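Data first, discussion second: the structure below is written as structure tokens.
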Amino acid sequence: MATPRRGPGPEPAAEARTVGPVTARNRQRDTEFALTSSGMVVRDKWPRPGGGARWKIRVNLRWDDIAGLGFDYGSHDSAVSLWAVSPHSDQRQHIVDARSFTPDQWDELGRSTAALTGGRLAIDLTKLDHPGTPRDS
Numbered sequence: 056m057a058t059p060r061r062g063p064g065p066e067p068a069a070e071a072r073t074v075g076p077v078t079a080r081n082r083q084r085d086t087e088f089a090l091t092s093s094g095m096v097v098r099d100k101w102p103r104p105g106g107g108a109r110w111k112i113r114v115n116l117r118w119d120d121i122a123g124l125g126f127d128y129g130s131h132d133s134a135v136s137l138w139a140v141s142p143h144s145d146q147r148q149h150i151v152d153a154r155s156f157t158p159d160q161w162d163e164l165g166r167s168t169a170a171l172t173g174g175r176l177a178i179d180l181t182k183l184d185h186p187g188t189p190r191d192s
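Residue numbers (this note's numbering): 56 to 192.
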């Protein structure tokens, strides 16, 4: 005979989600954005003559080579992009067009960036929808 329970049982343990290295592919599946323990890599798929494709690295930055990350417009482009700022100058490097990835992917990329850099770098996702004004440089 089963023993009757008194009151609600114990709460099930919340599933812990580990945040760490992550790879996201854009909607067209031709750009891959990977965050690892050492930095970020963006690869693009290039078609080969006669069929098939190969991946080429477009951006390869170590976390130490990044002072900040942010969303902003390009110099003459209204597309919002993710940019990295060098710790050695105010020079910015284009990382990826923000429209290429879904909001869920950006959430995951943002969490992983903070986790992988110990909170030193963060991606302000509120700037994704309202990045500021277009740059004219």
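By construction, the Cβ of each residue, glycine as well, lies at the ideal position given by its N, Cα and C atoms. A quick note: this is a predicted structure, and the numbers were derived from the prediction, not measured.
Asked                                                                                                                           : Found
Backbone secondary structure at R82 - three-state DSSP                                                                          : coil
Span of the alpha helix (DSSP H) around R166                                                                                    : P158 to L171
Contacts around V140, its chain only, beta-carbon distance under 6 Å, and the 5 residues preceding and following it disregarded : A122, G123 and R147
Straight-line gap, N115 to R84 (C-alpha atoms, nearest Å)                                                                       : 19 Å
contact_flag[the segment 85-94, the segment 152-170] where n(CB pairs < 8 Å) is 3 or more                                       : yes
Contacting residues, own chain, Cβ-Cβ under 8 Å from G125 (five flanking each side not counted)                                 : L137, W138, V140, I178, D179, K182 and P186
Alpha helix (DSSP H) runs wholly inside the segment 76-121, at least 4 long, in chain order                                     : none
Residues of its chain near V157, where Cβ-Cβ distance is below 8 Å and the 5 sequence neighbours each way are ignored           : The amino acid at residue 157 is misidentified as Val; the sequence shows Thr. Excluding positions up to five away in sequence, the list reads R82.
Counted within 10 angstroms of its Cβ, other Cβ atoms place I112 as buried (16 or more) or exposed                              : exposed
Residues near K100 in its chain [Cβ-Cβ closer than 7 Å; skip 5 each side]                                                       : D85, A108 and W110
Bridge partner(s) assigned by DSSP for L124                                                                                     : A139
Proximity test, G106 beta-carbon vs the ligand FMN heavy atom, cut-off 7 Å                                                      : Of the ligands one can find in the structure shown there are none, so the ligand FMN has no counterpart to examine.
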